[in-house]
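Heads up: the structure comes next, in structure tokens.
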Amino acid sequence: MRNVKKARVIYNPTSGREAMKKALPDVLIRLEEAGFETSAHATTGEGCAKGAAALACEREFDIIIAAGGDGTVNEVVDGMATQEYRPKLGIIPMGTTNDFARAIQVPRDVEQAMDIILAGHSKKLDIGKVNGHHFMNIAGGGKITELTYEVPSKLKTALGQLAYYLKGVEMLPSIRPTHARIEYDGEVFEGDLMLFLVANTNSIGGFEKLAPHAEINDGYFDLLILKSTNIAEFIMIANKALKGNHIHDDHIIYTHAKKVSVQTEESVQLNLDGEYGGKLPGTFENLYQHIEFFMPEE
């Protein structure tokens, strides 16, 4: 029986202004000193982290560390989710928003993120699945969510959250509501909406309180539907959302659900953890406590 522990670091060399490239030697040294036989995989493009994560599961690594932004973490989770054996997963946040890391309270500092991994405290958390893809944070649709693809990545890095907000306000006049039918745990909404969100955590696009009641290990999503609004109403709701008071607004449906099915009359893009995730229709399923993440004890 082997007793050497193995760690696989899957990192995006371009995220965080190439910060991980610089930090990698220190990360490897710390893992080796902690008794892990360690190897690293630099991602080269879309789908690369997913394949590397699936391979690390097949080779039965003890831990996988995903270093990058939400997109990298999403791919690693997607690659792990379908495997029978799933190692514990650590995160070193290197992206622009790092929504998921923020949700599980992993700091942006590489040393501190490594402290959490090496302290060894872990927790099994839910992830979501839709149309064969997985997500750990958020899935959404509607014309407003499509704005996230319009923001140039240079602007994203420089301005972060503000870039999305400015782009959103600039595009608002041209946004038309989408007609949708949404079934959730026996209930049905049918009508015009600006967006819907199927949330696993409370941290979405830099907003800390968009899904204020979200629990990450309870087997439920938080479903948020924003019905058709005009610009003035939208800006008012967006301001309320900063404090989490939007959930009581008449234009909002906010509820818990294990399973959510969405159908739309027109072509609507799906946003998974901030990245393009194909097109609707889709059925969102909660995979209860499916992956074990390293996170702070409190």
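Start counting the sequence shown at 1; every next residue gets the next number (the UniProt record's numbering). Using N, Cα and C, we set each Cβ at its ideal position, and we do this for glycine too. Computed from a predicted structure; not experimentally measured.
What is the DSSP secondary structure of residue i, counted as helix, strand or coil?
i           : result
VAL76       : helix
MET194      : strand
SER15       : helix
residue 329 : The structure shown has nothing for residue 329, since the chain only spans 1 to 298.
GLY51       : helix
ILE117      : helix
PRO93       : strand
SER174      : helix
LYS5        : strand
Compare the Cα-Cα distances from residue i to each of the options and report the closest residue.
i           : options                        : result
HIS213      : GLY95, ASN245, SER267          : ASN245
TYR254      : PHE196, SER203, MET295         : PHE196
LYS6        : ASP62, LEU224, ASP192, GLU46   : ASP62
PHE207      : ASN98, GLN83, ASP26, ILE252    : ASN98
LYS279      : ASN271, GLU285, ASN286         : ASN271
ILE183      : HIS41, HIS121, LEU224, TYR276  : Residue identity differs from the one stated: residue 183 is Glu in this sequence, not Ile. Of HIS41, HIS121, LEU224, TYR276, the residue nearest in Cα terms is LEU224.
ARG128      : ALA23, ALA139, GLY120          : Going by the sequence as given, residue 128 is Gly instead of Arg. Out of ALA23, ALA139, GLY120, ALA139 has the C-alpha closest to the C-alpha of GLY128.
THR72       : ASP273, PHE189, ASP192         : ASP273
GLU298      : VAL198, SER122, ASN137, GLU275 : SER122
residue 306 : LEU226, ASP70, GLU18, ILE91    : The structure shown does not extend to residue 306, since the chain is modelled only from 1 to 298, so the question has no answer here.
ILE74       : THR96, MET136, GLY45           : Looking at the sequence provided, one finds Asn at residue 74 rather than Ile. That would be MET136, whose Cα lies nearest to the Cα of ASN74.
LEU118      : ASP70, LEU28, GLU18            : LEU28
GLU275      : GLY95, PRO296, TYR85           : GLY95
GLU285      : GLU265, ASP185, LYS243         : ASP185
MET114      : ARG30, GLY45, LYS209           : ARG30
LYS259      : GLY219, ARG17, LYS21           : GLY219
Name the DSSP bridge partner or partners of residue i?
i      : result
VAL188 : GLU183
HIS256 : ASP222
PHE135 : GLY128
HIS41  : ILE10
LYS88  : ILE63
LEU287 : ILE127
GLU292 : LYS124
GLY140 : LEU197, ASN271
Tell whether a beta-carbon distance below 7 angstroms holds between residue i and residue j.
i      : j      : result
ALA49  : VAL9   : no
HIS134 : ALA81  : yes
SER15  : GLY68  : yes
THR283 : SER261 : yes
SER228 : PRO281 : no
LEU125 : PHE234 : no
ALA56  : ILE64  : yes
ALA180 : PHE221 : no
GLU37  : VAL4   : yes
ASP249 : ILE231 : no
SER39  : ARG102 : no
Within the segment 226 to 283, ranges of the alpha helix (DSSP H) (whole runs, at least 4 residues) = 231 to 243
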